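Number of protein chains: 2
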Amino acid sequence: MSEDKSRSSAAPEGGGRVRDRIFQTARELFYRQGIRAVGVDAIACGAGTNKMSFYRSFPSKDDLVAECLKAQVAESWERWDAAIAPYAGNPRRQIEAIFEMIMNKACGDDACGCPLSNAAVELREAEHPGHQVIRGHKTEVRRRLRALAAEAKASDPDSLGDALMLLLEGSTTTRLTFAGRSGPLSNALNAVRTLLDAYVPPTATAAKKRSKAAA
Amino acid sequence: MSEDKSRSSAAPEGGGRVRDRIFQTARELFYRQGIRAVGVDAIACGAGTNKMSFYRSFPSKDDLVAECLKAQVAESWERWDAAIAPYAGNPRRQIEAIFEMIMNKACGDDACGCPLSNAAVELREAEHPGHQVIRGHKTEVRRRLRALAAEAKASDPDSLGDALMLLLEGSTTTRLTFAGRSGPLSNALNAVRTLLDAYVPPTATAAKKRSKAAA
DNA sequence: GATGTACGTTACCGGCCAGTAACATCCTCT
DNA sequence: AGAGGATGTTACTGGCCGGTAACGTACATC
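Here's what the structure looks like:
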């Protein structure tokens, strides 16, 4: 009982420790078992509290779901930016880095694909608050991939960007059916590099690598 | 005598009209609203009958789900075979035809992506009877795409086949988030053709097209 | 006319679901 | 010491879930 370690109530309003525990527990359970498969009782219990404390922190399960998706979006962009940061000015390498990051994260050993895409399957009611979160995120992914393709001076940036997005979505999706890297995503990076080679015309800087391969 | 068509007891057990109505209703509702979102009451009611008749035809909802997935697999291969049949001996054209078929079916105007992939998201319990159906289907898709890539004399058939599968899965997945063809799948065929061009070495028969484009 | 079969109807079960009320506790800050 | 806020506890509602029992009805065949 007296085994308490950390105690701080600095959050401005409604934000306490219990809320964070519930939030993290919910994100994990939603991701592992699916949103519809997890009840608020299971979330509260998994967070070491009870349903009453849940409803003191969140107005409803749907609101929690939407908030979890928003947090997922934010974390996703953090990883995205961190992945491409080391290769600023090298859009081709940045694109590869994004896919490497995805391979390790959403397609890793204990991964279950993309939480946003999975949520899009589970939440079919058009009025669910999580819908615009998902759609906004995917739209931004598409925009950024197209922008990177343009920065890489692709012959058709929109086409390349969309192709990369399809590969990305396909990679996370197949992760749910094929365990580990045994599935087609083992060749995802090959596909990315092939598309880059095909869409990005040989420039002066890239010519040396290309001529070297041809020799 | 007992050789009538609609009423014979040729079906081993339980094959009637109500069963078919329930089956078709379930497939439609599962596809549109999701498997977990549809209860047996809604299925029976949608089929113009009641829950009791449901359980006279199917031992459980999970069995019905698995049977729906099996039917989906069978129909999927029918469409696949019908799509590639006109282009026998032309694997490259067959691959394009498959994607065209997918664009019209799983990514059509009123489509909700791939029922099998969606089911993989919703059915996370490892012991669900539908799991092996999904996995078997996706494995066969992968095998056939790789075989087509090999038949097309791709430089790396497995890599091309997997890339095509990722594009395919990505196309159906993005359909749930982007309405109509507004999403990245508008460039799916471009990606397919680009990959085919990149993986399939220019042969004598393909050289004329390629040299024509280069001129 | 008897029988069997397919189907409809009603009622019910236990369990889980999302969500709430009322009350007790404890911690923290003043 | 006292107050207020955050949390735990118990019990509850109403509804839907998957699944079942018992019974009634229509029909077709023999």
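So the sequences go chain by chain: F and W. Under my numbering, the first residue of the first sequence is numbered 1, with each subsequent residue one higher. Under my numbering, the first residue of the second sequence is numbered 1001, with each subsequent residue one higher. Backbone N, C-alpha and C define an ideal beta-carbon position, used for all residues, glycine too. Quantities reported herein were computed from a predicted structural model and do not represent experimental measurements.
task: In the DSSP assignment, find the alpha helix (DSSP H) that holds F:I35 and state where it starts and stops.
output: To locate residue 35 of chain F, count along the first sequence from 1; it is residue 35. No alpha helix (DSSP H) holds F:I35; DSSP gives it neither H nor E.
message: Taking 7 Å as the limit between beta carbons, can you name the residues of its chain near W:R1093, skipping five residues before and five after?
response: In the second sequence, residue 1093 of chain W corresponds to position 93, counting from 1. Contacts found: Y1087.
query: For F:T177, which residues of its own chain have a beta-carbon under 6 Å away from its beta-carbon, when the five flanking residues on both sides are left out?
result: Sequence index remark: in the first sequence, residue 177 of chain F carries index 177 (1-based). If we look at F:T177 and ignore the five residues flanking it on each side, it has no Cβ neighbours.
message: If the cut-off is 7 Å on Cβ atoms, which residues from the segment 1104 to 1137 of chain W count as contacting chain F, listed in chain order?
response: S1117, N1118, A1120, V1121, E1122, R1124, I1134 and R1135
task: Take the Cβ of F:P184 as the centre, count every other Cβ of all protein chains shown within 10 Å, and call the residue buried at 16 or more, exposed below.
output: Position 184 of the first sequence, counting from 1, holds the residue named residue 184 of chain F. By the neighbour-count rule (16 or more Cβ atoms within 10 Å), F:P184 is buried.
message: Contact between the segment 1127 to 1136 of chain W and the segment 1092 to 1108 of chain W is defined here as three or more beta-carbon pairs at a separation below 8 Å; is this criterion met?
response: no
message: Considering only the alpha carbon of each residue, which of W:T1049, W:D1156, W:A1119 and W:L1167 lies closest to W:I1098?
response: Walking along the second sequence from the start, residue 1098 of chain W turns up at place 98. For the residues W:T1049, W:D1156, W:A1119 and W:L1167, the minimum Cα distance to W:I1098 belongs to W:L1167.
task: Mind listing the chain F neighbours of W:N1090? Cutoff is C-beta to C-beta under 8 Å, in chain order.
output: Here residue 1090 of chain W is taken as the residue at index 90 of the second sequence, counted from 1. By Cβ distance, chain F contributes nothing, its closest Cβ being about 21 Å from W:N1090, past 8 Å.
- request: Determine, using beta carbons only, whether W:R1027 comes closer than 7 Å to chain F.
  value: For this step, residue 1027 of chain W is matched to residue 27 along the second sequence. Chain F contact via Cβ: absent.
query: To which residues of the same chain is F:M165 closer than 7 Å at the C-beta, ignoring the five residues directly before and after it?
result: The residue given as residue 165 of chain F occupies position 165 in the first sequence. Counting only Cβ-Cβ distances below 7 Å, and skipping sequence neighbours, we find V141, R142 and L145.
- prompt: Whose C-alpha, out of F:K138, F:C45, F:L195 and F:R21, is nearest the C-alpha of F:S76?
  reply: The residue given as residue 76 of chain F occupies position 76 in the first sequence. Looking at the Cα atoms, F:K138 is the closest of the given residues.
task: Could you give the DSSP three-state label for W:S1008: helix, strand or coil?
output: For the purposes of this step, residue 1008 of chain W is identified with residue 8 of the second sequence, where counting begins at 1. Confidence in W:S1008 is poor, its pLDDT being 30 and thus under 50, which makes the residue's placement unreliable; the coordinate value appears in the next sentence. If DSSP states are grouped into helix, strand and coil, W:S1008 belongs with coil.
field: Inter-stretch contact at 8 Å, needing at least 3 Cβ pairs: the segment 18 to 33 of chain F / the segment 111 to 124 of chain F
entry: yes
field: C-alpha gap between W:G1046 and W:I1022, whole angstroms
entry: Taking the second sequence and counting its residues from 1, the one referred to as residue 1046 of chain W is at position 46. Taking the second sequence and counting its residues from 1, the one referred to as residue 1022 of chain W is at position 22. Approximately 8 Å between the Cα atoms of the pair.
- prompt: So, is the C-beta of F:D162 closer than 7 Å to a C-beta in chain W?
  reply: Position 162 of the first sequence, counting from 1, holds the residue named residue 162 of chain F. Output row for F:D162: interface = yes.
With 16 other Cβ atoms within 10 Å as the buried cut-off, status of F:A163: In the first sequence, residue 163 of chain F corresponds to position 163, counting from 1. By the 10 Å Cβ count, F:A163 comes out buried.
message: Once DSSP output is grouped into helix, strand and coil, what is the label at F:L123?
response: Sequence index remark: in the first sequence, residue 123 of chain F carries index 123 (1-based). DSSP places F:L123 in coil when its eight states are reduced to three.
message: Measuring only the C-alpha atoms, how far is F:V38 from F:E169?
response: As a working note, residue 38 of chain F is residue 38 in the first sequence. As a working note, residue 169 of chain F is residue 169 in the first sequence. Their backbone Cα atoms lie some 24 Å apart in a straight line.
- request: Let me know the alpha helix (DSSP H) ranges lying completely inside the segment 1041 to 1098 of chain W, each 4 residues or longer, listed in chain order.
  value: 1051 to 1057 and 1061 to 1084
task: Verify the CB distance criterion: does F:M165 have a CB-CB separation below 7 Å to chain W?
output: By 1-based counting over the first sequence, the position of residue 165 of chain F is 165. Yes - at least one Cβ of chain W is within 7 Å of the one on F:M165.
- prompt: Checking contacts by CB at 7 Å: is F:Q94 closer than that to chain W?
  reply: As a working note, residue 94 of chain F is residue 94 in the first sequence. Taking Cβ atoms only, chain W never reaches closer than 7 Å to F:Q94, which makes this a no.
- prompt: Helix, strand or coil: how does DSSP classify F:R17 here?
  reply: Along the first sequence, read from residue 1 onward, the residue named residue 17 of chain F stands at position 17. Helix at F:R17.
- request: Would you mind giving the Cβ-Cβ distance between F:A84 and F:L196, rounded to the nearest angstrom? I have them listed as a contact below 8 Å.
  value: Reading the first sequence from its first residue, position 84 is the one you call residue 84 of chain F. Reading the first sequence from its first residue, position 196 is the one you call residue 196 of chain F. At residue 84 of chain F the sequence reads Ile, which differs from the Ala that was named. About 15 Å separates the two Cβ atoms, so there is no contact after all.
- request: Could you name the residues of the same chain whose beta carbon sits closer than 6 Å to that of F:P157, not counting the 5 residues immediately before and after it, in chain order?
  value: Position 157 of the first sequence holds residue 157 of chain F. Excluding residues within five positions, the ones whose Cβ falls inside 6 Å are R146, A149 and A150.
field: chain W within 7 Å of F:Q33, Cβ atoms only
entry: Translated into positions along the first sequence, residue 33 of chain F becomes position 33. For F:Q33, the answer is yes, since a Cβ of chain W falls inside 7 Å of its Cβ.
- prompt: Under 8 Å Cβ-Cβ, which residues of chain W neighbour F:D158?
  reply: Here residue 158 of chain F is taken as the residue at index 158 of the first sequence, counted from 1. Under the 8 Å cutoff, chain W gives N1187.
- prompt: What's the gap between the Cα of W:Y1199 and the Cα of W:S1155?
  reply: For the purposes of this step, residue 1199 of chain W is taken as the residue at position 199 of the second sequence. For the purposes of this step, residue 1155 of chain W is taken as the residue at position 155 of the second sequence. Rounded to the nearest angstrom, the two C-alpha atoms are 5 Å apart.
query: Can you round the beta-carbon distance between F:I35 and F:V65 to whole angstroms, since I take them to be within the 8 Å contact cut?
result: The count along the first sequence starts at 1 and reaches residue 35 of chain F at position 35. The count along the first sequence starts at 1 and reaches residue 65 of chain F at position 65. About 6 Å; that satisfies the 8 Å criterion.
field: Assigned exposure category for F:A10 - 16 Cβ within 10 Å defines buried
entry: Residue 10 of chain F sits at position 10 when you count from the first residue of the first sequence. Residue confidence for F:A10 is low, a pLDDT of 28 falling below 50, so the modelled location carries little weight; the figure read from the coordinates is stated next. The residue is exposed, with fewer than 16 neighbouring Cβ atoms inside 10 Å.
field: W:V1121 versus W:Q1024: straight-line alpha-carbon distance, rounded
entry: Counting from one through the second sequence, the residue named residue 1121 of chain W turns up at place 121. Counting from one through the second sequence, the residue named residue 1024 of chain W turns up at place 24. Each residue's alpha carbon lies about 21 Å from the other.
message: Strictly under 7 Å for the Cβ-Cβ distance: is F:P202 near chain W by that measure?
response: If you number the first sequence from 1, residue 202 of chain F lands on position 202. Output row for F:P202: interface = no.
query: What's the C-alpha gap between F:Y55 and F:A126?
result: By 1-based counting over the first sequence, the position of residue 55 of chain F is 55. By 1-based counting over the first sequence, the position of residue 126 of chain F is 126. Approximately 24 Å, taken between the alpha carbons.
- prompt: Apart from the five residues on each side of it in sequence, which residues of its chain come closer than 7 Å, Cβ to Cβ, to F:L160?
  reply: As a first step, residue 160 of chain F must be located in the first sequence, where it is residue number 160. Result list for F:L160: A149, A154, L195 and Y199, in chain order.
Local conformation of F:M130 per DSSP, three classes: Here residue 130 of chain F is taken as the residue at index 130 of the first sequence, counted from 1. Checking the sequence shown, residue 130 of chain F turns out to be Gly, not Met. Correct three-state label for F:G130: helix.
- prompt: Taking all protein chains shown into account, do 16 or more other C-beta atoms lie within 10 angstroms of the C-beta of F:P202, making it buried, or fewer, making it exposed?
  reply: On the first sequence, position 202 is the one that residue 202 of chain F refers to. Its Cβ having fewer than 16 others within 10 Å, F:P202 is exposed.
message: If I follow the unbroken alpha helix (DSSP H) through F:L167, where does it start and stop?
response: Within the first sequence, numbered from 1, the residue matching residue 167 of chain F stands at position 167. Unbroken alpha helix (DSSP H) run through F:L167: P157 to T174.
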